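Q: So that we are looking at the same thing, I have put the structure below in structure tokens.
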Amino acid sequence: METSRYLYTIMADKMLKIAANILTYVFHPLLMFTYMLLLLLMVNPYMFGVNQVGDQIKLIAVVFLYSFFMPALAIVMMKALGFVKTFDMKDRYDRIVPYIGTAVFYVAIYYLLYKSPDVPQAYKMFTLGGVIGLFAAFFMNNFSKVSIHAVGMGGLLTMTILTMALLKQPNFPLNSTLFGSMRVSMTTVLLLVILFAGLVGSARLYLKAHTPGQLWGGYLIGVASQLVAFWISFG
Numbered sequence: 011m012e013t014s015r016y017l018y019t020i021m022a023d024k025m026l027k028i029a030a031n032i033l034t035y036v037f038h039p040l041l042m043f044t045y046m047l048l049l050l051l052m053v054n055p056y057m058f059g060v061n062q063v064g065d066q067i068k069l070i071a072v073v074f075l076y077s078f079f080m081p082a083l084a085i086v087m088m089k090a091l092g093f094v095k096t097f098d099m100k101d102r103y104d105r106i107v108p109y110i111g112t113a114v115f116y117v118a119i120y121y122l123l124y125k126s127p128d129v130p131q132a133y134k135m136f137t138l139g140g141v142i143g144l145f146a147a148f149f150m151n152n153f154s155k156v157s158i159h160a161v162g163m164g165g166l167l168t169m170t171i172l173t174m175a176l177l178k179q180p181n182f183p184l185n186s187t188l189f190g191s192m193r194v195s196m197t198t199v200l201l202l203v204i205l206f207a208g209l210v211g212s213a214r215l216y217l218k219a220h221t222p223g224q225l226w227g228g229y230l231i232g233v234a235s236q237l238v239a240f241w242i243s244f245g
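For the sequence shown, this note's numbering gives the first residue as 11, with consecutive numbering after it.
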């Protein structure tokens with residue numbers, strides 16, 4: 011009986027670790043710019059001068075390239091060259107060079123978007139918030155490690171709330187192969203983002219990647235950075 015319980019505990023722990031790692035990768039902070047863009051395109055593609063998400067595939071590709079692929083590739087190269095000990099970067103000193111490398115690409119993509127007349131002010135604001143959040147996390151890293159996952163999710167949550175406030179659009183159409191054509195409530199989207207923000211934080215705690223204080227610090231930076239960007243853009 012005791013052996014069965016022990017095996018069950020081991021299996022449950024493995025399954026929870028797998029789930030926690032999946033959440034960590036799916037909601038990786040480097041993907042936040044892409045998720046923000048996709049959400050805005052789904053809610054109101056006309057802001058971007060198109061009728062549907064697929065019509066802006068080039069913009070999606072550019073944002074994904076600069077905000078995820080190139081920073082991720084740079085981090086892989088840093089690991090190969092010995093600048094980073096592990097990809098988890100549990101030591102805050104391991105995060106210094108990746109922060110700097112990522113900042114270069116984030117500033118570059120923000121500059122490209124800022125100069126583009128086809129990109130709405132709302133998305134420029136959200137990317138500015140992401141850049142501010144990255145620099146704030148880098149600054150805080152000099153004193154204490156903060157969860158960059160929490161920074162990303164805090165930013166995504168604030169972006170969702172600001173989108174609801176700015177666009178005043180209660181729902182949007184969504185065409186799905188599985189469910190067909192339907193309208194999605196922005197309140198539902200907000201609740202889902204809150205849910206996943208909590209799940210990602212719980213996952214980071216379960217993996218012992220952060221303390222509760224480091225998580226709350228990350229959430230605070232993510233929220234504050236988007237509010238500062240909003241003040242700069244519309245204040």
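The beta carbon of each residue, even a glycine, is placed where N, CA and C say it ideally should be.
Since we're looking at a predicted model, the values are computed, not measured.
(1) For N181, which residues of its own chain have a beta-carbon under 7 Å away from its beta-carbon, when the five flanking residues on both sides are left out?
(2) Take G208 as the anchor and find which of M52, P108 and M163 has the nearest alpha-carbon.
(3) Of all the options F136, A146, A213 and G92, which has the alpha carbon lying nearest to the alpha carbon of Y109?
(4) Looking at the strands, I want to know which residues DSSP matches up with V141.
(5) If you drop the 5 nearest sequence neighbours on each side, which residues of the same chain put their C-beta closer than 6 Å to that of V94?
(6) For R248, count neighbouring C-beta atoms within 10 Å of its own C-beta (all shown protein chains included) and say buried if the count is 16 or more, exposed if not.
(7) Using CA atoms only, rank isn't needed, just tell me which of A219, G227, G59 and V53 is closest to L144.
(8) When you compare the segment 18 to 28 with the segment 71 to 79, are there three or more beta-carbon pairs, one atom per stretch, that lie closer than 8 Å?
(9) Let me check understanding here. Comparing Cα to Cα, which of Y120, G211 and Y76 lies closest to G139?
(10) Report yes if the C-beta distance between M150 and V141 is below 9 Å; otherwise report no.
(11) Here's the rule I'm using: 16 or more other beta-carbon atoms within 10 Å means buried, otherwise exposed. How should F240 be labelled?
(12) Where does F136 sit, in a helix, a strand or coil, going by DSSP?
(13) When you compare each of G223, Y133, S154 and V161 to L48 by their alpha carbons, which one comes out closest?
(14) Among the residues of its own chain, which have a CB less than 6 Å from the CB of A84, if the five just before and after it don't count?
(15) What is the rounded straight-line gap between the Cα of L215 and the Cα of P222?
(16) Going by C-alpha to C-alpha distance, which of A213, Q179 and L202 sits closest to Y56?
(17) Can you tell me whether F115 is buried or exposed? The criterion is at least 16 other CB atoms within 10 Å of its CB, across all chains shown.
(18) Check this for me: beta carbons of F37 and F78, under 9 Å apart or not?
(19) With distance defined between alpha-carbon atoms, name the residue in Y45, I242, K24 and L51 nearest to L177.
(20) Look at the alpha carbon of P39 and the alpha carbon of I106, and state the distance between them as a whole number of angstroms.
(21) Where DSSP assigns a beta bridge to V194, which residues make up the other side?
(22) Thinking C-beta only, is F244 closer than 9 Å to M135?
(23) Near Y76, which residues of its chain fall below 7 Å by C-beta distance, leaving aside the five closest residues on each side in sequence?
A: For this structure:
(1) R193, V194, S195 and M196
(2) M163
(3) A146
(4) V141 pairs with nothing; no bridge assigned.
(5) M88 and D104
(6) Since the first residue of the chain shown is 11 and the last is 245, residue 248 is not available in this structure.
(7) For the options A219, G227, G59 and V53, the alpha carbon positioned closest to that of L144 is the one of G227.
(8) no
(9) Y120
(10) no
(11) buried
(12) helix
(13) Y133
(14) G111
(15) 7 Å
(16) Q179
(17) buried
(18) no
(19) L51
(20) 16 Å
(21) According to DSSP, V194 bridges with F182.
(22) In this structure, the beta-carbon distance from M135 to F244 falls below 9 Å.
(23) F115, A118 and I119
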